[in-house]
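>
In my numbering, the protein residues as written are 78 to 665.
1) Residues in its own chain within less than 8 Å of residue 88 by CB, not counting five upstream and five downstream?
2) Excluding the five sequence neighbours on either side, which residues of its own chain have a C-beta within less than 6 Å of the C-beta of residue 376, listed in chain order?
3) Tell me which residues share the same chain as residue 322 and place their Cβ nearer than 8 Å to its Cβ, disregarding the 5 neighbours each side in the sequence.
4) Pull up the distance between the alpha-carbon of residue 326 and that of residue 123, whole angstroms please.
5) If you follow the beta strand (DSSP E) that residue 307 is part of, which residue opens it and which one closes it?
6) Between the region 232-242 and the region 253-262, do at least 3 Cβ pairs fall closer than 8 Å?
7) Report the three-state DSSP secondary structure of residue 409 (helix, strand or coil).
8) Helix or strand or just coil, what does DSSP make of residue 168?
9) Given a threshold of 16 other Cβ atoms within 10 Å of its Cβ, counted over all protein chains shown, does residue 578 qualify as buried or as exposed?
10) Helix, strand or coil, according to DSSP, for residue 34 in the structure here?
11) Is the beta carbon of residue 276 less than 7 Å from the beta carbon of residue 397?
12) Of all the options 565, 421 and 102, which has the alpha carbon lying nearest to the alpha carbon of residue 497?
13) How is residue 217 classed by DSSP in three states: helix, strand or coil?
14) According to DSSP, simplified to helix, strand and coil, what is residue 424?
15) Between residue 156 and residue 612, what straight-line distance do the alpha-carbon atoms span, to the nearest angstrom?
16) Could you give the uninterrupted runs of the alpha helix (DSSP H) lying entirely in the region 470-518, keeping only those of 4 residues or more?
17) Return the chain-ordered list of same chain residues with a C-beta closer than 6 Å to the C-beta of residue 721, the five sequence neighbours on each side being excluded.
18) Sort 589, 150, 108 and 100 by Cα distance to residue 84 and report the nearest one.
19) According to DSSP, which residues form a beta bridge with residue 383?
20) Is the number of C-beta pairs between the region 591-605 and the region 537-557 that are closer than 8 Å three or more?
21) Quick check on the burial criterion: 16 or more other C-beta atoms within 10 angstroms. Buried or exposed for residue 546?
22) Using alpha carbons as the reference points, say which of 518, 530, 137 and 529 lies closest to residue 554.
23) Using a threshold of 7 Å, state whether the C-beta atoms of residue 493 and residue 628 are closer than that.
24) Indicate the three-state DSSP secondary structure (helix, strand or coil) for residue 236 in the structure shown.
25) Roughly how many angstroms separate the alpha carbons of residue 208 and residue 417, rounded to a whole number?
26) CB-CB under 7 Å to residue 531, same chain, minus the five flanking residues each way: which ones, in chain order?
27) Rounding to the nearest angstrom, what Cα-Cα distance links residue 670 and residue 437 in this structure?
28) What is the rounded straight-line gap between the Cα of residue 37 and the Cα of residue 355?
29) Can you tell me where the alpha helix (DSSP H) holding residue 132 begins and where it ends?
30) Would you say residue 135 and residue 82 are within 7 Å of each other, going by their C-beta atoms?
31) Just mark residue 365 as buried or exposed, buried being the case when its beta carbon has 16 or more other beta carbons within 10 Å.
32) Which residue's Cα is closest to the Cα of residue 466: 262, 247, 524 and 388?
33) Tell me the DSSP secondary structure of residue 454 in three-state form.
34) Which same chain residues, not among the five before or five after residue 671, have their C-beta less than 6 Å away from its C-beta?
35) Helix, strand or coil for residue 110, going by three-state DSSP, please let me know.
36) Taking DSSP as the reference, what is the three-state secondary structure of residue 341?
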């Protein structure tokens, strides 16, 4: 007897084979039956029927082919009637296309192996999946945004499509994670501790790996049947959406059927209202609720914003209470000098090399200079994982800084040079003028932290006074819009900012000028009223962060010029936002 039966369409055999392999890794070879195991010496229909009846779990893979397959539908009916159905869909399959009544059930994504295995394990114990879908899943089906997001994304299949900066982003997990400081293991232990409710603030400068750390922690917890991931800022500020979001979170807190819940809030210094609201909910949990719930805040610093928030919020004081009585706050350790840094550098080179080779780079044949290897090993500028990975990327692309140039700012500048080279490879020949237009467009989109729809992208580009009198119609900006969508387009049709954050901030500071700043503010003023405050503060935060030391003297000076312009020309209109960003974010 094979306990797990997979029902699928033969048009998607490769996807089925991959899923069967994942399940067999968990339950052992021979634990999965799918029709590749059919024997020619007896009736196929009898073999399928026998395997279906004997199975303890029926996994139905709802692909386009499965939607129109009578056999798949019939097997799903049998699985549901016997309480052993597990619904799975590819990420690009719409919920509305799955036939009734199966579209009202819990449905896992085929690529989310941890969730699929957790659902199988539950059904194995005799607990059928519920017909009533929880609110957080309804939220995802309606809006396309997960309430608790794993923050994991896939790179483009074609290596030539991959931008250099994508190789450095936490969400793509290109380089294997190295828990060099041991804080990842500590966080897993903390999550598994006896306290039902606990919270912690983890802070550190950009590029130190806060987001990647929590992606890895959340992944390990999901493998233990937790719900774990990032609670991103609301994707839209509409009252109905915000209400639905909080209702879904409340249900997840009070009635989750998982082994535990981990909520991570990135950029917490700019989300203080959300932090207070969640702390209030956690503080009010019933004493007899022993299911572990953990909240982790990530921030660049734990300065005045945190002191004020903590001192003014009793509920927050309770849930953030550490073992020593004070608040549970931890600075993310830097990478210590020595072999750990070199291991990360070598691992990064090994992963980046085939991708860059596929993009046409001729990789260096010689050894990495010993002088720079020693600098990585002991230099203060390489305490951040991002700096080490940038160094590896630049070496492979033959763009290593000259001897003596060791600052993070020089690495940022040269990676941005690689990014511009990628534009030309992807978009075709770009002369100086078109490169400038692309650079300004990327700076505008990054300054406002992404644009959701094409018409808004057009309006943002037209607002740049550098082109006053030239961009008076949508057709005038259409070539740049198409280029932005080609390189930085998002699945929802918008255009995302240049990431990682340090690289995006550096680009805005070095490309921006007063005309660009005024244009961004003018565009924000034309956006829906309910989004304007968030947009203004995102914009000011990017400029404020660009004045931090890691960006170097040149970028710092240019960012200060932009902030001086804001203060001299827009202080009255921006007073509340300027003060809020001063409180939240260190800088000039």
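Even for Gly, the Cβ is constructed at its ideal location relative to N, Cα and C.
Being a predicted model, the structure only gives us computed values, none of them experimental.
On the basis of the data shown:
1) Answer for residue 88: 140, 141 and 142, listed in chain order.
2) 280, 345 and 346
3) Residues of the same chain with a CB within less than 8 Å of the CB of residue 322, apart from the 5 flanking positions on each side, are 216, 224 and 311 in chain order.
4) CA-CA distance, residue 326 to residue 123, rounds to 46 Å.
5) That run of the beta strand (DSSP E) goes 304-307.
6) no
7) coil
8) DSSP places residue 168 in coil when its eight states are reduced to three.
9) By the neighbour-count criterion, in which 16 or more other beta carbons inside 10 Å mark a residue as buried, residue 578 falls on the buried side.
10) Beyond the ends of the chain as shown, which are 78 and 665, falls residue 34; an answer cannot be given.
11) yes
12) 565
13) Look at residue 217 here: in three-state DSSP terms it is helix.
14) helix
15) Approximately 49 Å between the Cα atoms of the pair.
16) Segments of the alpha helix (DSSP H) lying fully in the region 470-518: 485-504.
17) With the chain covering 78 to 665 only, the question about residue 721 has no answer from this structure.
18) 150
19) Answer is none; residue 383 lacks a bridge partner.
20) yes
21) exposed
22) Nearest C-alpha to residue 554: 518.
23) no
24) helix
25) 49 Å
26) Within the same chain, and ignoring the five residues on either side of residue 531 in sequence, the residues whose Cβ sits closer than 7 Å to its Cβ are 558 and 570.
27) Since the first and last residues shown for the chain are 78 and 665, residue 670 lies out of range.
28) Lying before the first or after the last residue shown, residue 37 is absent from the chain, which here runs from 78 to 665.
29) Segment: none, residue 132 is in no alpha helix (DSSP H) and carries neither H nor E.
30) yes
31) Residue 365 is classed as exposed because its beta carbon has fewer than 16 other beta carbons within 10 Å across all chains shown.
32) 247
33) helix
34) Any question about residue 671 goes unanswered here, given that the chain covers just 78 to 665.
35) strand
36) Strand, per DSSP.
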